[in-house]
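Visitor:
Numbering (the working numbering), first residue to last: 7 to 480.
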């Protein structure tokens with residue numbers, strides 16, 4: 007984890023203020039929006055307020071309140087289609103793009119995903135329930151998870167889920183018993199720990215050996231598990247799966263991952279006559295949270311990964327398998343911003359005569375815990391108007407009883423921001439509502455989909471009645 011906020015005020019930075027990232031500089035125009043950070047329809051209207059999907063943020067705040075997650079439906083769906091088309095073209099039709107629902111899911115989003123020709127990854131019974139309620143074809147669903155319960159596996163088998171990702175020898179035992187009891191078959195992917203660690207935050211890295219996911223390739227466990235599955239008449243090993251991390255900005259790690267997965271496939275084909283016909287390379291593609299980030303476009307990702315897979319298959323002398331990928335953040339993340347209303351504004355003196363401006367908003371770590379949990383960085387913009395005031399180094403904080411309740415650690419914002427100003431934090435479509443809590447008994451915000459001047463409530467705002475409804479003593 008990063009340095010605790012209370013102790014992070016002692017390194018040199020902008021204007022004497024410590025802990026300011028090296029990439030952050032005062033903007034030439036504090037009212038300008040960096041396109042890479044915002045959904046495609048977001049712009050400033052004639053009055054200076056942000057518009058998204060043809061709707062003014064003042065109208066959103068007035069009708070739906072703040073904080074609120076505001077999702078640009080056209081942007082979300084265009085990103086999903088861009089991934090599907092890019093991989094289809096790069097792999098000559100031998101690819102599948104499955105949306106990783108853990109990034110953000112609800113029945114409305116699942117219906118978009120189904121309509122736009124993608125599959126869906128789920129990793130809990132709750133995510134599976136949403137997918138089935140939304141009408142996602144079960145054969146287009148993959149069930150993940152390192153500790154799937156017997157009830158979750160039974161439900162997946164009865165529903166006809168297309169693939170189950172097997173994660174442990176005990177799960178093979180459990181699945182074997184279930185297919186025999188239910189007199190059915192199961193199509194499975196083998197989760198493989200390929201020994202590749204993406205260069206990202208430790209808590210988001212999922213392919214090094216010392217972790218809870220999958221079968222180790224280096225130890226031989228993956229090979230042994232694959233042979234067990236192939237030997238069982240009711241378990242069908244369709245492919246192998248890996249995931250190497252999150253917020254990845256190049257395809258170098260995928261090259262090593264693909265090579266090791268394909269080597270395992272070739273070995274199994276030579277030994278058993280069954281060469282898995284699918285490899286799932288996972289997701290983890292990065293997005294721009296701040297001006298520091300420069301993510302790849304879907305076409306570049308697909309083209310580079312196709313080059314990698316074809317090269318490795320030629321070297322091994324095997325047919326090119328069907329390639330699955332699982333973007334979640336790269337679709338949902340940039341499509342959404344969180345709309346807040348400012349409250350308390352104060353200047354806090356630091357050392358060497360410097361000071362930091364703190365702007366408190368009506369949400370915080372309950373609607374975006376990533377800053378506290380992952381040491382993540384975000385940007386922010388004055389949303390309700392423009393300003394001619396000089397930019398001031400500002401920290402956006404929440405209303406919770408925690409010193410680490412920080413939404414945006416450092417940003418240059420106009421110096422005249424005051425109470426009731428609307429602020430917008432972009433890039434909050436992934437792992438913000440999904441990780442949201444009711445900390446301090448703060449109800450979770452709504453998710454509003456905006457398109458062509460219309461607003462659809464994907465998830466309504468929680469109320470105090472919702473909080474009390476879980477309390478039998480209330």
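Beta carbons: idealized from backbone N, C-alpha and C, even for Gly.
Looking at the structure shown, is residue 39 part of a helix, part of a strand, or coil, going by DSSP?
Guide: DSSP places residue 39 in coil when its eight states are reduced to three.
Visitor: Three-state secondary structure (DSSP) at residue 280?
Guide: coil
Visitor: What is the DSSP secondary structure of residue 208, counted as helix, strand or coil?
Guide: Model confidence at residue 208 stands at a pLDDT of 46, short of 50, so the residue's coordinates are unreliable; what they give is reported in the following sentence. It is helical.
Visitor: Count the other CB atoms within 10 Å of the CB of residue 63; is the residue buried (16 or more) or exposed (fewer)?
Guide: A buried status is given to residue 63, since no fewer than 16 other beta-carbon atoms sit within 10 Å of its beta-carbon.
Visitor: Alpha carbon to alpha carbon, how far is residue 202 from residue 119?
Guide: Roughly 30 angstroms separates the two Cα atoms.
Visitor: For a test of the three-state rule: what should DSSP assign to residue 121, helix, strand or coil?
Guide: Residue state, collapsed to three classes: helix.
Visitor: DSSP on residue 148, reduced to helix/strand/coil?
Guide: strand
Visitor: Whole angstroms are fine: how far does the CA of residue 270 sit from the CA of residue 240?
Guide: 22 angstroms
Visitor: Straight-line CA distance for residue 321 to residue 31?
Guide: 47 angstroms
Visitor: Looking at the strands, I want to know which residues DSSP matches up with residue 384.
Guide: Paired residue(s): none; residue 384 is not in a bridge.
Visitor: Just to confirm my understanding: we take residue 309, look at its own chain, exclude 5 residues before and 5 after, and list those with CB closer than 7 angstroms. What are they?
Guide: 96
Visitor: Do you know offhand how far residue 281's Cα is from residue 410's?
Guide: 50 angstroms
Visitor: Where do the ends of the beta strand (DSSP E) carrying residue 347 lie?
Guide: 342-355
Visitor: Have a look at 374, 287, 265, 298 and flag the residue whose alpha-carbon is nearest the alpha-carbon of residue 323.
Guide: 265
Visitor: Exposed or buried, what is residue 400 when buried is set at 16 or more other beta-carbons lying within 10 Å of its beta-carbon?
Guide: With 16 or more other CB atoms across the displayed protein chains lying within 10 angstroms of its CB, residue 400 is buried.
Visitor: Run through DSSP, which three-state label would residue 229 get?
Guide: DSSP places residue 229 in helix when its eight states are reduced to three.
Visitor: With H, G and I counted as helix, E and B as strand and the rest as coil, what does DSSP make of residue 235?
Guide: helix
Visitor: For residue 271, name the three-state secondary structure that DSSP assigns.
Guide: helix
Visitor: Are the Cβ atoms of residue 307 and residue 377 separated by less than 8 angstroms?
Guide: no
Visitor: Would the beta-carbon of residue 375 fall within 8 angstroms of that of residue 363?
Guide: no
Visitor: I believe residue 195 touches residue 325 by the beta-carbon criterion, under 8 angstroms. Please report the beta-carbon distance rounded to the nearest angstrom.
Guide: The distance from the Cβ of residue 195 to that of residue 325 is about 18 angstroms, inconsistent with a contact at the 8 angstroms cut-off.
Visitor: Once the 5 residues before and after residue 397 are set aside, which same chain residues still bring their CB inside 8 angstroms of it?
Guide: 32, 33, 36, 418, 419, 420, 421
Visitor: Count the other CB atoms within 10 Å of the CB of residue 335; is the residue buried (16 or more) or exposed (fewer)?
Guide: buried
Visitor: DSSP three-state call for residue 449: helix, strand or coil?
Guide: coil
Visitor: Can you tell me where the alpha helix (DSSP H) holding residue 363 begins and where it ends?
Guide: Note, residue 363: premise wrong, no alpha helix (DSSP H); beta strand (DSSP E) at 361-367.
Visitor: Between 106, 27, 71, which lies nearest to residue 524 when the distance is taken from Cα to Cα?
Guide: No statement about residue 524 is possible, as the shown extent of the chain runs from 7 to 480 and does not include it.
Visitor: How many angstroms separate the CA atom of residue 160 from the CA atom of residue 72?
Guide: 41 angstroms
Visitor: Should residue 260 and residue 178 be called a contact, given that it needs their Cβ atoms to be closer than 8 angstroms?
Guide: no
Visitor: Taking the CB atoms as reference points, tell me whether residue 123 and residue 90 lie closer together than 8 angstroms.
Guide: yes
Visitor: Buried or exposed for residue 79, please, with buried defined as at least 16 other CB atoms from any protein chain shown within 10 angstroms of its CB.
Guide: Around the beta carbon of residue 79, 16 or more other beta carbons lie within 10 angstroms, which makes this residue buried.
Visitor: Do the region 74-88 and the region 445-457 make contact, defined as three or more Cβ pairs closer than 8 angstroms?
Guide: yes
Visitor: So, for residue 295: in the same chain, excluding its five sequence neighbours on each side, which residues have a beta-carbon less than 6 angstroms away from its beta-carbon?
Guide: 383, 384, 433
Visitor: By how many angstroms is the C-alpha of residue 343 removed from the C-alpha of residue 464?
Guide: One C-alpha to the other measures close to 15 angstroms.
Visitor: What's the gap between the Cα of residue 274 and the Cα of residue 293?
Guide: If I take the Cα positions, the gap works out to 36 angstroms.
Visitor: Measure the beta-carbon distance from residue 137 to residue 116 and round it to whole angstroms, keeping in mind my assumption that it falls under 8 angstroms.
Guide: 5 angstroms
Visitor: Starting from residue 192, follow the beta strand (DSSP E) in both directions and report where the run begins and ends.
Guide: 192-199
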